[in-house]
Each structure stands twice: as C-alpha cells, then as structure tokens.
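Chains as they are written, first to last, in full-length UniProt numbering: chain A, 1 to 277; chain B, 1 to 265; chain C, 1 to 284. We treat Cβ as the ideally placed atom computed from N, Cα and C, and that holds for glycine. Everything numeric in this text was worked out from a predicted model, so none of it was measured.
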Amino acid sequence: MEKIISIENLNYTYPESKKPAIKDLSLDIYKNEWLSIVGKNGSGKSTLTKLIDGLIEASSGTITIAGQVINEENIWDARKRIGIIFQNPDHQFVGATVEDDVAFGLENQGMPREDMIKEVDRALALVKMSDFKTRDPQSLSGGQKQRVAIAGVLATKPQIIIMDESTSMLDPDGRKTVLDLVQQLRKQQDLTIISITHDIEETELSQRIVVLNDGQIVKDGKPVDIYDLGSNLRKYGLEEPFSSKLMSIIRVTEKLPEGYLSEEELKQQLWKLHSNM
Amino acid sequence: MDKIILGRYLPGDSIIYRLDPRGKFLLTFYFVGIVFLANNVASYAFLLAFVLFAVYLSKINFGFFIKGLRPIFWLILFTVALQLFFTPSNHPLWHWGILTFSKEGMVIAGYIFIRFVLIIFISTLLTLTTTPIEISDSIESILKPLKKINFPVTQVALMLSIALRFVPLLVDETTKIMDAQRARGVDFGEGVLIKRIKSFVPILIPLFVSSFSIAYDLAIAMESRGYKDGEGRSKYRVLSWDKRDNLMVLFMAVVTIILLFLRSY
Amino acid sequence: MEITFEHVTHSYEANSPTASLGLDDVSLTIKDKLFTAIVGQTGSGKSTLVRHINALLKPTSGKVIVGKRVITSETNNKNLKPLRKQVGMVFQFPESQLFEDTVEKDIMFGPMNFGATEEEARKAAHTMIKLVGLDESLLSKSPFDLSGGQMRRVAIAGVLASDPETVILDEPTAGLDPVGRLEIMNLFKDLQEKGKTIILITHNMDDVADYADEMAVIHSGKLIAQGPPKEVFNNQELLQDDVLTLPHSASFAKELQQKGFHFDKLPITINELGTEIKQQLNGD
C-alpha cells in the first residue's frame, strides 16, 4: 500500500494553553483508505486536521504529504491535494449561490472561466446537486449545504478529503446521505478519506480506526478490533457499539461466541440459536 | 425584521430580472434624480405611469410594493401633513393660528406623496429583482477605474459579497439570541431609555462573539480552499451587457425627453 | 403544570405575500411532571410549537393554556415574566447566549431578571453549577475561557437557576460527545424525578425510547401522533409513511422477525430487546 500522508513525532500546544493538544504523534495514512479518527471532545482530533492542512504550525515533528515534507513554501501545493469539510455548514459557505461557492476554490487557482463552468457542473453532478445550482444557501438544508461543500472541494480535484465532524450538526437523514455519498466518491474518484468523529456508528464505513485520547493515539486497528473493546471504549469517551451492548445482556443466560459480532452476524447467530431450540 | 421589504430580493423571472444589474443600479439612481424635475400634474402622472409600467413588467405581486411603503409610513404621513398645513397661501380655505389649509398646500402635499411613492417603488423594484451579489458585482464593476490608484477593488468586492452573504445568518442568530434572553426574563422596550439600552448588552455581546467565531471559521475554510491574498484569482461570475440593456438606456432617455417636454407644458 | 394547545395555528408573516404556515390546527396536551419528547423532521414546526409555551410566539388563531395562563393572538407583551419564570427554555447551542464576564454572573442573570435578590441568585448559581456537573471554581472564570462542553453546561445552569416548573430543551445534546450526551440526558431525567415537567425536542429516537414517557410527532406543522413511545413506535401507519424512524433496538427487533422471532410489540430500548430475546430463546 502506498503512503499518502506520513506524520512523525508531531507536537502542538495552543498558545494560550499549557497542556499539549498533540503529543508526539506518529501516523501513516494510506492511499484510498477510509480512516476514522475518533475521540471525545478535546482529544486533539480537530487540531490534527488543522496541522495536516498547515492551518496551524506544529511545534515540532514533520508531516509528509504525497512524498513532500510540508514547509511554509510548499504548503499551498499541499493544500491543493487536500479538501476539508468542516463542522458547521453555514460557516464555510463563501459564495452567494451554490455555483458561486463551488467555483470559489477554482477562482483561487486562477482557472479560466470556460474551464470553471465545466468543473462546477462536473462537481455538482458528482454530489447530485445540479438542480440546486442557482439556489442561495439559506434555502438549503444542512445536508444539502454539506454536499455543496463537498462539491466545492471536489472541483479542485484533491486526493484527500478530511471530514472534520462534518455530519455532527446534521439530522439523521442528512448524515446518512452525506456518508453514503462520501463512500461512493471514495471508490469512484480514488480518494483517501479521513473522517473525524465522536460517533462510533459513523465509523462503520471505514477500513481503519484510530482512537485519540489527550493528543495521543491509544488504539489503531480495523473496526472489528476497535469495536471488540466493547465497554472499554467508554474510557475514551466513546459509546459501546449497539451489538456489543446487546450481546452482553444476552450473554447472561445464553451462549454466544467470544469477541465482537456485527449486527448482521449477531442476527444470524440469534436465528441459529432460535432454530436449535 | 422579516417585515422589511425594501432591500430584500424576491426570486423570480421577467425582463426586469434579466436586465444587467449595472444598468438597473445606475438607472435607478438616475430615475430618483429626475423625479425632482417633475413640476406639474402631467409630469408626475407620466412618471407614475412609467413606474407602474416597470412594476407591471417585473411580474411581481403589487402587494410587495405597498408593503415597501410601510416602514416609512409615518415619515410620509408627517411630511405630507407638514405640506398640507404649513404651505403659505394667499387664499387659505381654512386658517387657525399657524396652521393654513389651502389648495396650493393640497397640491404640494399630493406631489410630495407621489414623489415618495415613485422613489420607494423604483428602489423596491431594484432590490426585489436584483440579488445582493449582483448589486455588489455592479459596485465592483463601477469602481473598477479606482484600481489605477491601487484601491483594492476586488478585495473590497469580496468583502462586500461575504458580508451580504452573512446578513441573513446574523439576522437568524440575533433572533435566536433575543429569544434566548427573553426566555431568561429580559424585557426589551420596557422602562426608561438607559434601562432599554442596557437590555441590549445581552444581545450585542453574544452577537459579537458569534460573529467573530463565524469569521474565524470562515477564514480557516477559505484558506483551506486556497484563498491567499486575492491576487491571481479568476472570476466565475461575469456580468453581460445585452441588446436589451441598450434598449433600457434608450428608453430612459426617451422618458427624460418626454418629462422635460411635460415640465414646460 | 399542564400545558394545552387548543386548535393552535401559527402563520409566519400573516397577511403578507410571503405568509407561510408554521403550525396547522394543533391540539395537544402535555401532561404535568412527565417527560415529553417532540419529534419531527427538520422544519416540521417543532421549534415553532414550543416557542408558544413561553409566548415567544403567539398563536395566529387558537389558544395555548399554560397552567392558569391563557395565550391567544390578543395576549399583551407586557407581564409575561411570571410565565417565562415558570417555563425555562434551553435553546439549540445555548452556549451562544452567554455574555457576562463571569460564569457566576451569567447564571445569576435569569433569576435576577425574575426578581430574585442577589443573595438568592448567587446561592442558585452555586447549586446549579454543581448540578450540571461542573466545579464551583469555574464560577469566577469568564464563560468564554471554557471549553464548548463546559459552556453548554453553564448555559443550561443559567436556565435552571430560575427554578422553572417546566423545562423545554431544543436538541440540548447536539454536537456533544457520547459521554457528555449521556450525562446531560441523565441530568434532565433527574430533574423530572424531582418533579419538573420536561419537554425535549430531538432527532435521536434512542433518547426518546430511553427517557420519554410521552411523545408527539409533528409533520408539516400538524400533530400526527401522540402517546407513550412504545405505542407510537408500533404505529404501523406512521412507519409506512416514512415520517418516523425507529429506535435502534426496534429496528433490530423488526429485522429479527424475518426468521423465528416474534414480538407482539417491538421493544424500543436495548434492555427490553435483550430480555425479550432471552425469553424467546428459553422458550417461555
């Protein structure tokens, strides 16, 4: 697997704070993977995003993006490879209409207008928002605004998309559409997805989960391995997955296999027990 | 705050909507200027007919224009009353102390009233059919010559358009904060002036705090999308001056000539 | 304090070309001392509904009865304080209402507006900060130096400090992490047990199942269902129309029914679900 981001011994402390927000953190992120970074509020998740995109400068350590060690000179090139979808849909909508907002990143690159028109249409089609092209943000739902934000990022053809708690302010419908869309785009556009969340159920679609606590990585593994921590996840401010909670109730009287089962696996297991009765 | 029509855009489509915003913007100002040239019944009637025709062409419900008058209703009433009772006359119909009521007063009051209606209607027409961003684009385009003296026209235009973009959001935020403080027992518009002013502190501070936090988030989002310093940017939105815009200018010239003719009639 | 809506209709910008209907002939009773959840899709009218309870909005027609107080379109804006003292309201992202230079003063703001003495208000601030799970030492700090989660709790303390009989919560846990969410929800359940009426607006059906005694479903400004969550979540018509999503446990139970398992009524909490599965596997 090809590395796309490599972080080594990263440290960061906010100017007004004594406690480091990121402590000696090292992490490799591979091409086309969906990596979820989870942890409670204040665990350092969002700080890490800002460091990767060079929006704040690390106290020490290095970040390598696509083979290039990030420094002040090449940060603008690195940023072109990364698109970030932030938490609050209203606070990142720059344009007066959907199409203007999607074009913003392209305008910044100085792309000629004829090319921009094509790119804006392409990006809006990818997120299925073409019908909303001339609408103003006030008339869109939260989920629709986030889809526009994704289109705005896709227009500039990045390799990496960071979702910085992008679904936490959406209602369940909006959340589902956005996550399904991102999954589809990852496959279709060969993107690397880094999603930052404190909702364990949102990590279902990811291939790898990193648990952050007090600015350090405390767990790094496949979703099954992380979910297998069960009630121990509470230590890191996370919720125990539904199936693992249900299993511990049923286990009191019934025999269930050891380890974590997904909801689908648990269902099969329960059906088997029922038919053996 | 929802009640103010002047300054609000209403999505729609008609010839007036499709006109170039620069033309609409400048000609609206021009029209407000020539309203003051009208001096008799014929010229006022003509201008009124012109405005009503423009309103008709816009295909917008007439109710919106009437509503546009509402916020300044008292100002209109006051000014009209002033003319009605204070216009000096040699043949007063009624006289009491300093108050004079005469035919001349009635005529002048009528003119003033029509003038208000004309100005409000035409500017309501501009804002109802032109998005704030089109107005900001027009201002940018009109200010373009100032680039020669190193005035940062594009940056100022971007600032203006972002400010316009966030007005509705801040209005919502204000309403929400006001409701939240009302629920905590604040009574706006109660007590003496100083107490009333004080009751706005719990609104203003949270509003400042959230404006700053929006501004910070937005700056981060803009930077992450490659916004550097406004140099080397291209433009997605362009204004195009059409044949119908030439026609509009021509039409306005004809209106002016007819007006000048009616003036001396 | 019982709250009754009688044929309440609320039209935004009534008599204007842009009028829109926020509530459409809603009749509803919110029972005293119960935990009532109000659910519905974004823009369905939930927030419009609850803003009538403390007269932030007034009905265009119909009336709202809160205890002995009747609110109609004619209700005067003066003298609403006694009503607003009785009905506390925690808005979405309530941290944006903080404004004083210390946490203590901010919590005291509500009680003092409602006529408490400085002494009483200060006492309330000290009680409330502990109630919401924060340390008393934070009282002397500026609210703007706190973390987002702490600010949320201070804002909630500021509403509770006036000792309202009814507490309305508009998605109070939005954006909080799971641990914070659980603590805040348990706090509201405790308040109910101490005799307060709780009204919660939420999108989280698991919270409805876990905490609410009653629920009301609002759709396009209309009340389309009301009752105990177990009944409402088993209302087939509602589920078919896709206006209501099920709690996690209920949807899992529904899937289990495809083979072997049978539930007379879908269980809505994880404990109910676990117990029923165990019973069915033991063959009772």
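(message) Contact defined as beta carbons within less than 8 Å: I believe S43(A) pairs with L212(A). What is the distance between those atoms, to the nearest angstrom?
(response) 5 Å
(request) Could you round the C-beta distance between K133(A) and E99(A) to whole angstroms and report it? I think they count as a contact, below 8 Å. (result) 5 Å
(message) For a quick check, are the C-beta atoms of A151(A) and L126(A) less than 8 Å apart?
(response) yes
(request) Mind listing, in chain order, the continuous alpha helix (DSSP H) runs of no fewer than 4 residues lying wholly within the segment 101 to 147 of chain B? (result) 103 to 129 and 132 to 143
(request) Below 8 Å between beta carbons is the criterion; list the residues of the segment 214 to 246 of chain C that meet it against any residue of chain A, in chain order. (result) T245
(request) Report the three-state DSSP secondary structure of F261(B) (helix, strand or coil). (result) helix
(message) Using 8 Å as the threshold, is the C-beta distance between V232(C) and I198(C) below it?
(response) no
(message) If we require 3 or more residues per run, which beta strand (DSSP E) segments fall completely within the segment 5 to 85 of chain A?
(response) 22 to 30, 34 to 38, 60 to 65 and 82 to 85
(message) Considering only their Cβ atoms, is the gap separating F144(C) from V209(B) smaller than 8 Å?
(response) yes
(request) Would you mind sorting L118(B) into buried or exposed? The rule is 16 or more other CB atoms within 10 Å of its CB. (result) buried
(request) With 7 Å as the C-beta to C-beta threshold (strictly closer), list the residues of the segment 207 to 221 of chain A near chain C in chain order. (result) none
(request) Can you tell me which of the three DSSP states residue 323(C) falls into? (result) Nothing about residue 323(C) can be reported from this structure: the residues present for chain C run from 1 to 284 only.
(request) Output, in chain order, the set of chain A residues within a Cβ distance shorter than 9 Å of L218(B). (result) H91, Q92, F93 and V94
(request) Check whether the segment 178 to 194 of chain C touches the segment 117 to 124 of chain C, taking contact to mean three or more Cβ pairs, one atom from each stretch, closer than 8 Å. (result) no
(message) Between which residues of its own chain and L238(C) is the CB-CB distance below 8 Å, once the five residues before and five after are set aside?
(response) V217, I224, A225, V232 and L244
(request) Buried or exposed for V132(C), please, with buried defined as at least 16 other CB atoms from any protein chain shown within 10 angstroms of its CB. (result) buried
(request) Determine the closest residue to F91(C) out of T75(C), G62(C) and R51(C), with distance taken between C-alpha atoms. (result) R51(C)
(request) Taking all protein chains shown into account, decide if D242(B) is buried (16 or more other Cβ within 10 angstroms of its Cβ) or exposed. (result) exposed
(request) Determine the burial state of Y260(A): buried for a count of at least 16 other Cβ atoms within 10 Å of its Cβ, exposed for fewer. (result) buried
(message) Within the continuous beta strand (DSSP E) that includes K222(C), where are the two ends?
(response) K222 to G227
(request) Please state if the CB of G237(A) and the CB of P178(C) are separated by a distance shorter than 8 Å. (result) yes
(request) Using a Cβ-Cβ cut-off of 8 Å, state whether G226(B) counts as contacting chain A. (result) yes
(request) Per DSSP, which residues does I160(A) bridge with? Please list them. (result) I82(A) and T192(A)
(request) Name the two residues that bound the continuous beta strand (DSSP E) containing Q216(A). (result) Q216 to G221
(request) Say whether the segment 65 to 80 of chain B touches the segment 141 to 151 of chain B, bearing in mind that this needs 3 or more beta-carbon pairs closer than 8 Å, one atom from each stretch. (result) no
(message) Taking its Cβ as the centre, do 16 or more other Cβ atoms sit within 10 Å of K196(C), making it buried, or is it exposed?
(response) buried
(message) Counting only beta-carbon separations shorter than 8 Å, does P11(B) have a partner in chain C?
(response) no
(message) If you reduce the DSSP assignment to three classes, tell me which class L212(A) lands in.
(response) strand
(request) Would you tell me roughly how many angstroms separate the C-alpha atoms of T60(C) and E6(C), rounded to the nearest one? (result) 12 Å
(message) Looking at chain B, is there any beta carbon in it that lies within less than 8 Å of the beta carbon of Q269(A)?
(response) no
(request) Identify, in the order they occur along the chain, each residue of the same chain with its Cβ nearer than 8 Å to the Cβ of L146(C), setting aside the five sequence neighbours on each side. (result) V103, L138 and V154
(request) May I ask which residues mark the beginning and end of the alpha helix (DSSP H) holding A216(C)? (result) Where A216(C) is concerned, there is no enclosing alpha helix (DSSP H), although the beta strand (DSSP E) it sits in stretches over E214 to H219.
(message) Against chain B, does V50(C) count as a neighbour if the rule is that its beta carbon must be under 8 Å from one of theirs?
(response) no
(message) For a quick check, are the C-beta atoms of M108(C) and L160(C) less than 8 Å apart?
(response) no
(message) Quick check on this structure: which residue in I16(B), L10(B), G12(B) and Y9(B) has the alpha carbon closest to the alpha carbon of G245(B)?
(response) The question names Gly, but residue 245(B) is Asp in the sequence shown. Comparing Cα-Cα distances from D245(B) to each of I16(B), L10(B), G12(B) and Y9(B), the minimum goes to I16(B).
(message) On the DSSP letters alone, give me the boundaries of the beta strand (DSSP E) that Q6(C) sits inside.
(response) With the sequence shown as reference, residue 6(C) is identified as Glu, and Gln is not the correct amino acid for it. Unbroken beta strand (DSSP E) run through E6(C): I3 to Y12.
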